[in-house]
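Enquirer: Counting the sequence shown from 1 gives a position; our numbering is that position plus 554.
For each residue, glycine too, the CB sits at the ideal point set by N, CA and C.
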Amino acid sequence: MSFDKLGLSPELLKAVAKQGYTIPTPIQEQAIPLVLAGSDMLASAQTGTGKTASFTLPILHILSKIEIKGRRQPRALILTPTRELAAQVSNNLRSYAQFTNLRSTVIYGGVNQNPQVKALQQGQDIVIATPGRLLDLYNQRHLSLKSISMFVLDEADRMLDMGFLGDIQKIISLMPAQRQNLMFSATFSGEIKKLTKDILNNPATVDVSPPNSTVESISQMGYRVDKSKKKDLLVHLINDQNWNQALVFCRTKHGANNLSEKIDSLGITSVAIHGNKSQGARTKALADFKRNKVRILVATDIAARGLDIPLLPHVVNFDLPNIPEDYVHRIGRTGRAGADGVAISFVSPDEKNYLRSIERLIDFSIPLEELEGFYTPKKPSKKVIARGEGKSVRKSTSSGSSSSSRGYKGKTTSKETAVAKPKDRKPKKRWY
Ligand code: AMP
Numbered sequence: 555m556s557f558d559k560l561g562l563s564p565e566l567l568k569a570v571a572k573q574g575y576t577i578p579t580p581i582q583e584q585a586i587p588l589v590l591a592g593s594d595m596l597a598s599a600q601t602g603t604g605k606t607a608s609f610t611l612p613i614l615h616i617l618s619k620i621e622i623k624g625r626r627q628p629r630a631l632i633l634t635p636t637r638e639l640a641a642q643v644s645n646n647l648r649s650y651a652q653f654t655n656l657r658s659t660v661i662y663g664g665v666n667q668n669p670q671v672k673a674l675q676q677g678q679d680i681v682i683a684t685p686g687r688l689l690d691l692y693n694q695r696h697l698s699l700k701s702i703s704m705f706v707l708d709e710a711d712r713m714l715d716m717g718f719l720g721d722i723q724k725i726i727s728l729m730p731a732q733r734q735n736l737m738f739s740a741t742f743s744g745e746i747k748k749l750t751k752d753i754l755n756n757p758a759t760v761d762v763s764p765p766n767s768t769v770e771s772i773s774q775m776g777y778r779v780d781k782s783k784k785k786d787l788l789v790h791l792i793n794d795q796n797w798n799q800a801l802v803f804c805r806t807k808h809g810a811n812n813l814s815e816k817i818d819s820l821g822i823t824s825v826a827i828h829g830n831k832s833q834g835a836r837t838k839a840l841a842d843f844k845r846n847k848v849r850i851l852v853a854t855d856i857a858a859r860g861l862d863i864p865l866l867p868h869v870v871n872f873d874l875p876n877i878p879e880d881y882v883h884r885i886g887r888t889g890r891a892g893a894d895g896v897a898i899s900f901v902s903p904d905e906k907n908y909l910r911s912i913e914r915l916i917d918f919s920i921p922l923e924e925l926e927g928f929y930t931p932k933k934p935s936k937k938v939i940a941r942g943e944g945k946s947v948r949k950s951t952s953s954g955s956s957s958s959s960r961g962y963k964g965k966t967t968s969k970e971t972a973v974a975k976p977k978d979r980k981p982k983k984r985w986y
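(1) Quick check on DSSP: helix, strand or coil for residue 735?
(2) Identify whether residue 772 lies in helix, strand or coil by the three-state DSSP scheme.
(3) Is residue 778 helix, strand or coil by DSSP?
(4) Label residue 570 either buried or exposed according to how many other C-beta atoms from any shown protein chain fall within 10 Å of its C-beta, with 16 as the threshold for buried.
(5) With DSSP as the reference, label residue 901 as helix, strand or coil.
(6) Taking C-alpha atoms, which residue in 689, 813, 868 and 710 lies nearest to residue 798?
(7) Taking residue 802 as the reference, give the member of 755, 597, 754 and 856 with the closest Cα.
(8) Run the proximity test for residue 559: is its beta-carbon closer than 6 angstroms to any non-hydrogen atom belonging to ligand 1?
(9) Is any heavy atom of ligand 1 found at a distance shorter than 6 angstroms from the C-beta of residue 610?
(10) Shortest alpha-carbon distance to residue 924 belongs to which of 900, 910 and 917?
(11) Could you tell me which of 663, 910 and 743 sits nearest to residue 636, measuring between CA atoms?
(12) Since residue 826 and residue 841 are thought to touch, with beta carbons under 8 angstroms apart, how far apart are those beta carbons, to the nearest angstrom?
(13) Given the structure, does residue 603 come close to ligand 1, in the sense that its CB is under 6 angstroms from one of the ligand's heavy atoms?
(14) Under the criterion of a Cβ to heavy atom distance below 6 angstroms, does residue 578 qualify as lining ligand 1?
(15) From residue 692 to residue 630, what does the alpha carbon distance come to, in whole angstroms?
(16) Can you grab the Cα-Cα spacing for the pair residue 776 / residue 910, in whole Å?
(17) Let me know the secondary structure DSSP gives residue 661 once reduced to three states.
(18) Mind checking which residues open and close the alpha helix (DSSP H) that includes residue 752?
(19) Looking at residue 657 and residue 678, is the spacing between their C-beta atoms short of 7 angstroms?
(20) In the structure shown, what three-state DSSP assignment does residue 571 receive?
(21) In this structure, does DSSP put residue 940 in helix, strand or coil?
(22) What did DSSP end up calling residue 599 once you bin it into helix, strand or coil?
(23) Drop a sphere of 10 angstroms on the beta-carbon of residue 766, count the other beta-carbons inside from all chains shown, and report buried for 16 or more, exposed for fewer.
(24) Is residue 729 helix, strand or coil by DSSP?
(25) Please report how far the alpha carbon of residue 828 lies from the alpha carbon of residue 850, in whole angstroms.
(26) Spatial neighbours of residue 682 within its chain, please: CB distance less than 6 angstroms, with the 5 preceding and 5 following residues excluded, ordered by chain position.
(27) Can you check which of these residues, 561, 588 and 562, is closest to residue 760 by C-alpha distance?
(28) Which residue comes first and which comes last in the alpha helix (DSSP H) that contains residue 705?
(29) Would you say residue 835 touches ligand 1, meaning its beta carbon is less than 6 angstroms from a heavy atom?
(30) What residue range does the alpha helix (DSSP H) around residue 800 cover?
(31) Are the CB atoms of residue 586 and residue 612 nearer to each other than 7 angstroms?
(32) Check whether the Cβ of residue 650 sits closer than 6 angstroms to any heavy atom of ligand 1, and report yes or no.
(33) So does the segment 742-760 actually touch the segment 774-788, counting three or more Cβ pairs closer than 8 angstroms?
(34) Measure how close the beta-carbons of residue 785 and residue 749 come, nearest whole angstrom, since I'm counting them as under 8 angstroms.
(35) Provide the residue span of the beta strand (DSSP E) that contains residue 761, from first to last.
Shown next as structure tokens:
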């Protein structure tokens with residue numbers, strides 16, 4: 555199917571073509587006609603599937619058909635959980651809107667509010683916002699939500715994880731009851747289902763990926779590793795496999811800073827991004843990473859959502875997330891828009907319960923390997939085979955490491971990573 559079959563205006567089709575998009579992604583193909591028809595919608599779509607265009611394009615189409623009388627008031631509100639996602643949705647929306655006469659602005663905390671207030675005073679059609687700053691500006695009477703006719707709750711599951719339920723309910727109470735509602739979530743807990751009932755009115759459902767599944771184009775594997783050897787393993791993989799760009803997730807801000815500083819001191823350019831950094835520093839770090847000025851971006855989960863880094867080849871779970879859903883979101887940073895990507899998890903013995911929860915959620919057994927020198931099994935393991943010993947030695951061009959895999963039959967060298975995609979499901983036999 556091509557974009558011109560979806561019923562979008564010529565101005566939007568021109569913008570889409572300028573972006574270089576030729577065919578709609580599955581979520582766009584399904585969602586755009588539904589939204590254009592005026593339906594409420596509940597969509598299960600992961601980041602990387604093209605979901606932003608699936609709601610921004612029909613919103614722009616609908617709003618551009620309605621004549622503006624008097625001063626512009628926001629008519630569409632898009633709520634996102636993080637500043638990065640808000641900024642990204644805003645950037646996408648602006649490029650799609652470039653041939654229309656619609657105006658949009660983005661509102662989030664952590665930066666001076668004055669430019670945001672000024673933009674609101676100029677009159678806007680669409681506001682993209684994080685909940686806290688939106689309510690802040692509302693309470694200061696800098697905006698009205700009385701004209702909102704289209705409302706999007708993006709990454710609703712993350713909103714709840716971040717404790718925004720109260721803010722969302724308050725924001726909903728400030729909008730007219732008569733409006734079109736679109737809700738996106740990558741995962742579906744009982745709480746999300748309840749929120750769905752509160753917000754959506756007879757919604758059409760769009761499901762481009764089974765809930766809690768991981769994107770097919772992402773290959774997943776892991777290394778058993780001693781906790782104290784994780785940094786060395788990361789440095790080894792970066793150098794040995796010559797990674798150009800990797801996003802590395804740590805559980806804590808302190809851990810992220812520490813890791814980033816250490817690898818940077820070894821000559822591998824790196825920067826950390828987390829909630830304690832100023833918005834300016836976060837934006838700069840992301841921009842430097844995107845421009846390949848830094849090779850390794852070390853992030854906490856706050857940064858896991860909303861990062862759109864095209865063709866990111868590697869995501870590393872340096873620490874496994876304690877919330878299994880975060881695994882799905884983290885690895886969604888790779889394999890975007892159909893491109894292949896590899897998600898690598900470092901699993902230390904104290905993290906086996908986290909691994910088990912993740913595997914249960916995604917219904918997939920992540921193949922694990924060991925690299926010699928980075929893992930000390932409790933009992934001597936026959937599986938760690940020294941270089942030059944035995945039949946199962948892998949050809950390795952690297953110095954000092956050989957690998958062995960369990961739960962995975964493919965051959966690997968240390969230059970290539972043994973990976974499995976979710977469709978290659980394996981029996982769940984683990985070492986724990
Ligand atoms: P999203 O899931 O909205 O974050 O989009 C992920 C990436 O896919 C972004 O870099 C978009 O620019 C890109 N994208 C969105 N729609 C298409 C499309 N139809 N064809 C190619 N790339 C797209």
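Expert: This is what the structure gives:
(1) Three-state DSSP puts residue 735 in a strand.
(2) strand
(3) Reduced to three states, the DSSP call for residue 778 is strand.
(4) buried
(5) strand
(6) 868
(7) Out of 755, 597, 754 and 856, 856 has the C-alpha closest to the C-alpha of residue 802.
(8) Residue 559 has its CB no nearer than 6 angstroms to any heavy atom of ligand 1.
(9) No; taking the cut-off as 6 angstroms, the Cβ of residue 610 has no heavy atom of ligand 1 nearer than that.
(10) Looking at the Cα atoms, 900 is the closest of the given residues.
(11) 663
(12) Not a contact, Cβ separation roughly 15 angstroms.
(13) yes
(14) yes
(15) In a straight line, the C-alpha of residue 692 is about 15 angstroms away from that of residue 630.
(16) Straight-line Cα distance between these residues: approximately 13 angstroms.
(17) Residue 661: strand per DSSP, three-state reduction.
(18) 744-753
(19) Cβ atoms of residue 678 and residue 657: closer than 7 angstroms.
(20) DSSP, read as helix, strand or coil, puts residue 571 in helix.
(21) For residue 940, the pLDDT reaches just 46, beneath the cut-off of 50, and the residue's location in the model is therefore unreliable, leaving the point undetermined.
(22) coil
(23) Residue placement at residue 766 is poorly supported in this model, since its pLDDT is 45, which falls under 50; the coordinates are not used for a value here.
(24) coil
(25) 14 angstroms
(26) 632, 640, 643, 644 and 660
(27) 588
(28) Not the alpha helix (DSSP H): residue 705 falls in the beta strand (DSSP E), residues 704-707.
(29) Taking the Cβ of residue 835 as the reference point, every heavy atom of ligand 1 lies at 6 angstroms or farther away.
(30) Here residue 800 belongs to no alpha helix (DSSP H); instead the beta strand (DSSP E) covers 800-803.
(31) yes
(32) False, no ligand heavy atom lies under 6 angstroms from that Cβ.
(33) no
(34) Not really, about 40 angstroms apart at Cβ, beyond 8 angstroms.
(35) It spans 758-761 - the beta strand (DSSP E) in which residue 761 sits, taken as one unbroken run.
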